[in-house]
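Sequence positions in the sequence shown follow the working numbering and run 3 to 596. We put the beta carbon where it would ideally sit given N, CA and C, even for glycine. In what follows, a single structure is set out as structure tokens and then discussed.
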Amino acid sequence: MQKLRGVLKNGSRILKIIWPSSKWLIGGYFLVVLIGSALPFLSSAVRGLLINDLSSAVAGGNTENVYILIGITVFLIFLSSIVNDAEGTIQVLSGHRIEKAITEMELKKRMKIDCAQIEDPKLNDLFNKVNQKGVWSFQDFFARFFSTIRFGVRFILAALAITWASPWLLLLLMLSVIPEVIVDMRDANRAWGIHNAKAETTRKYWDLQSIFRHQIVEAKLFGALHYFYERMISLLDKFHKDDRDREIVNYRFKTFATLLTNSAMGVAMVWCALRVLEGDIMIGTFTFYIESIMNLRNSLSSTLFNVSRAMSVNLYVNDVFTMVDLPSTLPDTKHLPPIHKNGTPEIVFKNVSFAYPDTTRNVLENISITIKPGEKLAVVGLNGAGKTTFVKLLCRFYDPDKGHIALDGKDLREVNLNSWHQKMGVLFQNFNHYYLPVKEAIAAGQTGKAISLKKVKEAADRAQATGFIENMPQKFNTQLGKHYTGGVNLSGGEWQKIALARMFYRDPDIVILDEPTSAIDAQSEAAVFEHLEKVSEGKTVIFISHRFSTVRRAEKIAVIDKGKLAEYGTHEELIKLDKEYARLYNLQAKAFNE
């Protein structure tokens, strides 16, 4: 009963989502289904009358009704074809509306969720399930709703006809169908359980498949393709084994349930045949009763199957609405005052400690640092020291577990987050590859305004990207991505320059760069930072880098070691201090000199 309530609840939500844009479509669907539901019963009744009248005509009776009934039969066949075609068309059109509605819901939710949630593997599993089954589940749920109406109407009409013949037949046939429905419900629940349990395994499978699609060269050179092949086939075998075991068990139960149903139908047919032999009914009436019995059995089975199917599909629909109803991990800040528009604020980390959700180890511990307006700060440290986490807290992907971050003395948690992000230009190590025309890929840094080709070219120049762009077939109109007609592939360094150009195009007050030139040659890197120094007058620049030729340009340098602020000062001060920074700098300088 609880499952049925869940179906009704989600059904009403789906209707509310689709109804505003599909009133006429849904109304037409309902009308077509009602007409289509009654047609088999009407056709059966007309055929029965036709057979009776033919029998009477052969015995010397009136033949006038025979031709009328033949005409009605032909008309009903024609009408049935028209209705079936109309229903098919409406299903396609409604499927498009549903696909659009689900896509909009998923994209809007992805736009609204916090950055921290994007990194949550459980939520990634949820989004993957919605992506794989969301559209299908809504379309199937919608179809089951109308199928239930169709077969429900057929069942009522068939039940009335059989009740006229014998109420006991109706009871026998209804009871015989129940085992089939139980088997279907049991199988559907088990199928969803398998799908839900293997969500993470599915993610592993698609990750491995991406190696063969997008990363095959490195794996081939490493001789690792066979290893990945065996892992993929092993996962595929496991998927198939779970489904195969389910199908075998279901087949055994289904065979027994079908035997019971068909036995009951056999009893009903024998009873009708005996009535013909006893002279109680005519052959046409016998035919009508037999078709009614078939309709009753099929419509009841189909009605209950569609209800049980809706219950099982509802489990997938629940995933969609779980995504839609997903609360934010951070409180809503829309009502909070925006940060002042002009200039850059003083940024203060005060005794900040942080551990990622569901972990106990502090990634940052008791960090205190002040970044003055317009200051250039470099953050250095070994891999895993907490440098990127430092940036994520500043962007407020997460809130500190202890301490606070302040902007001009105001706690970051009390600032309108959207206004804070608007002041930033952030470039992470795993920057996006936008497969767009070059000018659009650069202008994606500021999408709220019309594209300025002048700004695009200036940004490309600052990022040292103009040279290779001008050599492209259509220059700034060239499509990126070889998988598009006329598209071109870029090297890792070229993609990074496009990403840098995107940041320059944004022209933010606060520039945050996480390994911004890791794939760029030394000459281009030097030119990029020269441009950055020229255009960043009055802007705060925070960058993470392992290249000390870049780091030494900063006004202040923060060394993070195992989550703690180990050293802080200018390049000269830290060299004199002769600790971790000096050691790392000298190691790199020695390697360069050699």
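Asked	Found
The segment 340-353 contacting the segment 391-407, beta-carbon criterion three pairs below 8 Å	yes
Exposure of K578, with buried meaning 16 or more beta-carbon neighbours within 10 Å	exposed
Stretch pair the segment 283-292 + the segment 90-97: three plus CB contacts closer than 8 Å	no
Alpha-carbon to alpha-carbon, F32 and R146	13 Å
H406 - containing beta strand (DSSP E), residue span	K404 to L409
Beta-carbon proximity list for A462, same chain, < 7 Å, skipping 5 on both sides	I444, T468, I471 and A503
Three CB pairs or more closer than 8 Å across the segment 79-92 and the segment 298-310	no
Close-in-space but distant-in-sequence residues of the same chain around P375 (CB under 6 Å, 5 per side omitted)	T346 and E348
Pair within 9 Å by beta-carbon distance, F143 and I16	yes
Distance CB(R152)-CB(V35) smaller than 9 Å	yes
Buried/exposed call for N308, threshold 16 Cβ in 10 Å	buried
For A560, the residue or residues it bridges with in DSSP	V381 and Y570
Spatial neighbours of I53 in its chain, beta-carbon cut-off 6 Å, leaving aside the 5 residues before and after	I285, G286 and T289
Local conformation of M284 per DSSP, three classes	coil
Pairwise C-alpha distance: E106 and V365	36 Å
L429 (DSSP reduced to helix, strand or coil)	strand
Beta bridge counterpart(s) of S355 as assigned by DSSP	K404
Neighbourhood of F399 by C-beta, 6 Å cutoff - its chain only, sequence neighbours within 5 removed	C117 and A118
Beta carbon of A597 nearer than 9 Å to that of Y437	Because the chain in this structure spans residues 3 to 596, residue 597 falls outside the shown range and cannot be described.
Local Cβ density within 10 Å of R311, reported as buried at 16 or more and exposed below that	buried
For P339, the nearest candidate out of L419, V458 and S314 (CA to CA)	L419
M234 to N130 span [Cα, whole Å]	18 Å
Presumed contact (8 Å Cβ cut-off) between G411 and P510, rounded CB distance	That belief does not hold up - the Cβ atoms of G411 and P510 are roughly 22 Å apart, past 8 Å.
Environment of A167 [buried if 16+ CB atoms lie within 10 Å]	buried
Residues sharing a beta bridge with I514, DSSP	V428 and I544
C-alpha gap between D247 and K256, whole angstroms	14 Å
Reference V315, options A387, F433, S139 and M474, closest by Cα	S139
Proximity to H228 [Cα-Cα], best of I213, E377, C274 and P169	I213
Pairwise C-alpha distance: K499 and A380	20 Å
Rounded straight-line distance, which links the Cα of E442 to that of E582	43 Å
Residue environment, S370, which counts as buried when at least 16 other CB atoms sit within 10 Å	exposed
First through last residue of the alpha helix (DSSP H) which encompasses S96	E66 to K114
G383 vs I562 beta-carbon contact at 9 Å	yes
Cβ-based neighbour list, V319, same chain, cut-off 6 Å, excluding 5 preceding and 5 following	N12, S139 and F143
Cβ-based burial, R177 [other Cβ within 10 Å; buried from 16]	At residue 177 the sequence reads Leu, which differs from the Arg that was named. With fewer than 16 other Cβ atoms within 10 Å, it is exposed.
Contact check, E295 vs A270, beta carbons under 9 Å	The sequence given here has Ile at residue 295, not Glu. The answer is yes: Cβ separation under 9 Å.
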